[in-house]
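Positions in the sequence shown are counted from 1; adding 152 to them yields our numbering.
Ideal Cβ placement from N, Cα and C applies to all residues, glycine included.
A quick note: this is a predicted structure, and the numbers were derived from the prediction, not measured.
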Amino acid sequence: MKTRVAFCIMSIAAFVALGDGSAFSPAETNRVARRLIHRAMRLSGCHEIPDEGELYNPDEDLGTWHGFLGGDETNGWTVAAKKAAFDWYLSTLGSCDCRSLTHRDKLLVLNAVEMCEALAYTNAVPSLKALVLNPLGIHRDVAMTTALKFSPIDDTTTQFVESMLTNTVQYTAGERLACYWGYARRLRDEFETGDAYGRAVRMFYRNRLVDWIGGMTVDRLLSERIDGYVISSNRLDTALFMLAPTNTRPQFVEYFTTVTNQLLSSGQPLQWINVGASGNCR
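The structure is reproduced here in structure tokens:
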């Protein structure tokens, strides 16, 4: 991440210049950019755990705004101005033809998204979602995972996720898998009793047969969060569906073969459960 962080800071400096070009000469803008780049290169390893005995320097912690943007003023560029530039840069990603960018500029996009996660920057969620929805976006799996990490479990987030899971044309298998992992992990780790939580779980049930992507993740979620699902004919049907493709990974086949065998050898009749609009979610 060392070089990529430097590129990210370079982009921030450039967009600051664009946002307030009348206040600085080209020479001053270049000087600020060079200092930011130099500082970023020097601090690029700050996410690593310091060696024993090495003093921690908060000014060199890119996981903080202070460490990321530097002191309150850099040749007249305040923290607020630099942060506003970063926001502006993020806001362009939803409409930018990212796929035609140079290799270096593509790294800028990746590092901008990574910094949002490192800083736990919840205000960036709308921009991250816009990047995910951008047909010409890149690193959408990383943006998606980050956006879901900081989004609430509510109907808006659930609708956003469902639009990803069901769009097998616009999104790659890897992007959709990141979406399955990101939201399902939230639902497994942060159990809530509200209606919105139940609708989120049932959204996964509703789309469990879209294809085999995310099948294991969804099975674990539904088994934990829907009453009766773990020993139901619903689950058996799902497992048989997941085993139908012939080119799936051995681990995937082993998982659903085990599920199928457990259900068929359970010694009790399997019931079909009705996963309705208002029930079943634990």
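- For Q420, the three-state secondary structure derived from DSSP is coil.
- Distance between G289 and N386, taken at the CA atoms: about 37 angstroms.
- With 16 or more other Cβ atoms from the protein chains shown falling within 10 Å of its own Cβ, N263 counts as buried.
- In the structure shown, W364 adopts coil according to DSSP, grouped into three states.
- The beta-carbon separation of G246 and A270, rounded to 21 angstroms, does not stay under the 8 angstroms limit for a contact.
- With fewer than 16 neighbouring CB atoms inside 10 Å of its own CB, E342 falls in the exposed class.
- Burial state of E406 is exposed, judged by a 10 Å Cβ sphere holding fewer than 16 other Cβ atoms.
- The beta-bridge partner set that DSSP reports for S384 consists of Q423.
- In this structure, R292 is the residue among R292, Q414 and R377 with its C-alpha nearest to the C-alpha of D249.
- The shortest CA-to-CA distance from S303 to any of A330, N275, G326 and N319 is the one to N275.
- For Q311, the enclosing alpha helix (DSSP H) starts and ends at D307 to L317.
- Pairing T320 with Y241, the inter-Cα distance amounts to about 29 angstroms.
- G350 and T254 have their C-alpha atoms some 43 angstroms from each other.
- Annotation for Y381: L374, S375 and R387 place their beta carbon closer than 6 angstroms to its own, counting only its chain and skipping 5 residues before and after.
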